[in-house]
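Q: Going letter by letter, the sequence shown gives residues 454 to 1062 in the working numbering.
Just so it is clear, CB atoms sit at the ideal spot from N, CA and C, and this is done for glycine as well.
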Amino acid sequence: MSTKTLPYSMKDVQYDNAKFRRRSFFQVILQTFFTKKVKRECMSCSTGKFLAILMICGLTYIMLNHTTPIHSITNHVSNGGIGVKRFWRKPPQLPPRLSPDEVNNINKTNMGSESTARQESVKNAFIHAWSGYKSYAMGYDELMPLSKRGVDGLGGLGATVVDALDTAMIMKLDDVVSEAGSWIENHLPERISNKGQVNLFETTIRIVGGLLSSYHLSSLNFTKAGPKPSVYLENAKNLADRLLTGFTASPTAVPFSDVVLHDRTAHAAPDGLSSTSEATTLQLELNYLSFVTGDPKYGFEAMKVLEHVKNLPKSEGLVPIYISPSSGEFSGSNIRLGSRGDSYYEYLIKVWLLQRQSNWTYLHDMYVEAVKGIKHLLVKKSKPNGLVFVGELPDGLDGGFSPKMDHLVCFLPGTLALGATKGLTKTMAMENNLLTFEDLENLKLAEELAKTCFVMYAVTSTGLAPEIANFNSEGYSENGLDGGNKTSEYVHDIVIKDLDRHNLLRPETVESLFILYRITEDSKYREWGWSIFEAFEKYTKVDSGGYSSLDDVTVIPPRRRDKMETFFLGETLKYLYLLFSDSNVIPLTEFVFNTEAHPIPIITKDQKE
């Protein structure tokens, strides 16, 4: 057998070749001893054998019994000046053991930085939308981003300016606040005095609601830009004084739908009817206006409507979508939670939440009854995958069920969650034993419906929802009209008809995601919201400024519509921004959002303006 040494240096012996890590001092000594001629020479005599055995026994004793930390030993030896420290291998350093709270704090920090970045992206989208509006449509109600011009479709009161203002305040965009506030101060009073016909509902929720919210937020010093808060309040009061004609001119408690501002007259719509949702979605705004002005007339007229509806016949708490100002009765039997019906149910709980200490408990009772009716009569499951959805009764209880669900219905998950916990987190509500079994059941339904609303986005080629979806379900099935995303497991559950494929930049789904995230603290709602935002960015952003509606969400590239709705700045981007904000920014226990996403402060017994 050859006695030649192996062809590598002593430095190489100090490494474990299998894992390429430094070997310990003891391993180096033993390796050297047993691989060199020292072994042959020492082991050839009895004294050498004795010393070798003694050394091995000594080293073994030190390793098994020495309790001093290795780093102390090495420091001690190094102080002796022989440099042995460089041969020692320190024990592996284990990461510190963290408590569950410390782990959660680290996770929250990481999530916080991601959420901050996403907030910034939403803010940039708002700036892009506003820049398009300011450049091409300042003072008009809406921007037509493709033709780069403005259009008045809501009475000519500069609806986008007012709708966007409190969003800019929440985002701390002082330049936008200054621009919008200056326009309101210098131009809105004249428009209120001289403009013609406006819709009572749209003008109340967008203009009065936006002005009141901006008044309150500026009073809280959300921003120092723009005019004094009183400018917003005075304009809200001036406009509401004219809108009251819609109530006082009607022969019943149900207001007329249209008001002519310059001569303070009002009249019914051409068919003589008002939408139930429109007549019953004026109360948050006008009650709060009465509170801040000290004049009860606004709230008095608005609450007469709900007090009147309380005594009308209903179908398990559900109401038809039309009501007559001339007779005060419901008209027809069409029951749905989409257009013309939606915000009636929303305001039952929200008006009660606004001022719980009042004698409005009947509103909560009406809400509870209506939710039971919704669950019994309208909630079904799709096939083949069991998505929970809310359908319609076009001919009332005596007619058939329609598996049609407007995107507008996606307000419902947020409303159900708000009704269950009253704005508290689920954890806090449960810790304080504030949730009934029915509350928990409603919260579960809210989460199931929110999933369906998100799936309405996920099944399409663009990742954006259609205006209306139908659901394959018992008694209804249609093939060949899916959303185009063949990779979605739910692609066969949802039917999107040709005339229903448009997207108007609507806010209802992200509204519910925001509320559910605040209440459940489940991060999936943030992820769903981010997915929706990215799709808006990809397919609706117009390079010259603004965002466009889409004609068909099932094809790529989608055809665009020349319209940016005011609610994209007033609602959609606001809810997306708040989805990624801390829970102390516009907390749900202190504010109620009107149906146009304008936060109205909850009135408490000791609150003073």
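How about the segment 990-1005 and the segment 925-932: do they share at least three Cβ pairs that are nearer than 8 angstroms?
A: Cβ pair count under 8 angstroms is below three, so no.
Q: Hey, would you say P919 sits closer than 8 angstroms to H945, going by beta carbons?
A: no
Q: Report buried or exposed for Q810, applying the criterion of at least 16 other Cβ atoms within 10 angstroms of its Cβ.
A: Label assigned to Q810: exposed.
Q: CA-CA distance, P773 and P553?
A: 52 angstroms
Q: Would you grab the beta carbon distance between I623 and K1027 for me? Rounded to a whole angstrom, and I think it's under 8 angstroms.
A: Contact holds; Cβ gap of about 7 angstroms.
Q: Which class does T698 belong to by DSSP, given the choice of helix, strand or coil?
A: helix
Q: For the alpha helix (DSSP H) that contains D616, what are its first and last residues?
A: Under the DSSP assignment, D616 falls in the alpha helix (DSSP H) whose first and last residues are 612-623.
Q: Starting from H1083, follow its DSSP beta bridges and name the residues at the other end.
A: There is no way to answer for residue 1083, as the model of the chain reaches only from 454 to 1062.
Q: By alpha-carbon positions, which one of S727, T698, G725, R971 ends up nearest to R717?
A: Each of S727, T698, G725, R971 was checked against the Cα of R717, and the nearest Cα belongs to T698.
Q: Could you check where the alpha helix (DSSP H) with F1033 kicks off and where it finishes?
A: F1033 -> no alpha helix (DSSP H), and no H or E assigned at all.
Q: Just how far apart, CA to CA, sit A899 and M858?
A: Between the alpha carbons of A899 and M858 lies a distance of about 15 angstroms.
Q: DSSP state of L877, grouped into three classes?
A: In the three-state scheme derived from DSSP, where H, G and I count as helix and E and B as strand, L877 is classed as coil.
Q: Looking at the unbroken alpha helix (DSSP H) that takes in M858, where does it start and where does it end?
A: From DSSP, M858 is part of no alpha helix (DSSP H) but of the beta strand (DSSP E) over 857-859.
Q: Is the CB-CB distance between A823 and L801 below 8 angstroms?
A: yes
Q: Cβ atoms of S728 and Y798: under 8 angstroms apart, would you say?
A: Going by C-beta atoms, Y798 is not nearer than 8 angstroms to S728.
Q: At which residues does the beta strand (DSSP E) containing V843 begin and terminate?
A: 841-843
Q: How would you write the range of the beta strand (DSSP E) that K648 sits in, first residue to last?
A: Where K648 is concerned, there is no enclosing beta strand (DSSP E), given that its DSSP letter is neither H nor E.
Q: Quick check: the Cα distance between F1033 and S568, rounded to an integer number of angstroms?
A: 5 angstroms
Q: Distance, Cα to Cα, G937 vs I949?
A: 10 angstroms
Q: What's the gap between the Cα of D694 and the Cα of T874?
A: 36 angstroms
Q: Leaving out five residues before and five after T1019 in sequence, what residues of the same chain have Cβ atoms less than 8 angstroms from its Cβ?
A: The beta carbon of T1019 sits closer than 8 angstroms to the beta carbons of D594, E595, L607, A612, T613, D616, A617, R659 from its chain, once the five residues preceding and following it are set aside; these are given in chain order.
Q: Thinking just about the alpha-carbon of each residue, which of P766, A1050, G849 is nearest to the one in I788?
A: G849
Q: Have a look at K625, D605, N688, Y970 and flag the residue whose alpha-carbon is nearest the alpha-carbon of W636.
A: N688
Q: Taking only three categories from DSSP, how would you classify S997?
A: Three-state DSSP puts S997 in coil, outside helix and strand.
Q: Considering only the alpha carbon of each residue, which of E961, D892, T1007 lies closest to V821?
A: Relative to V821, the option among E961, D892, T1007 whose CA is nearest is D892.
Q: Between G867 and S710, what straight-line distance do the alpha-carbon atoms span, to the nearest angstrom?
A: Computed Cα separation, rounded: 27 angstroms.
Q: What whole-angstrom Cβ distance do L759 and Q736 have, given they're in contact under 8 angstroms?
A: 6 angstroms
Q: Measure from the alpha carbon of C863 to the alpha carbon of each residue in D724, D795, F989, then state which is nearest.
A: Out of D724, D795, F989, D795 has the C-alpha closest to the C-alpha of C863.
Q: Out of D724, P682, P837, which one is the CA nearest neighbour of I947?
A: P837
Q: Any idea if G662 is buried or exposed, counting beta-carbon neighbours within 10 angstroms, 16 or more meaning buried?
A: buried
Q: Pick from H817, P856, L807: whose alpha carbon is nearest that of L830?
A: P856
Q: Apart from the five residues on each side of it in sequence, which residues of its chain come closer than 6 angstroms, Cβ to Cβ, to Q808?
A: I1056
Q: As a quick exercise: from N691, E731, G725, pick the residue whose alpha carbon is nearest that of H715.
A: N691
Q: What does DSSP give as the partner residue(s) for I776 in the beta ladder?
A: For I776, the beta-bridge partners assigned by DSSP are S727, F783.
Q: What are the partner residues of I1053, as DSSP defines its beta bridges?
A: V1045
Q: Among the candidates M819, L790, G791, V707, whose CA atom is the shortest distance from the CA of V804?
A: M819
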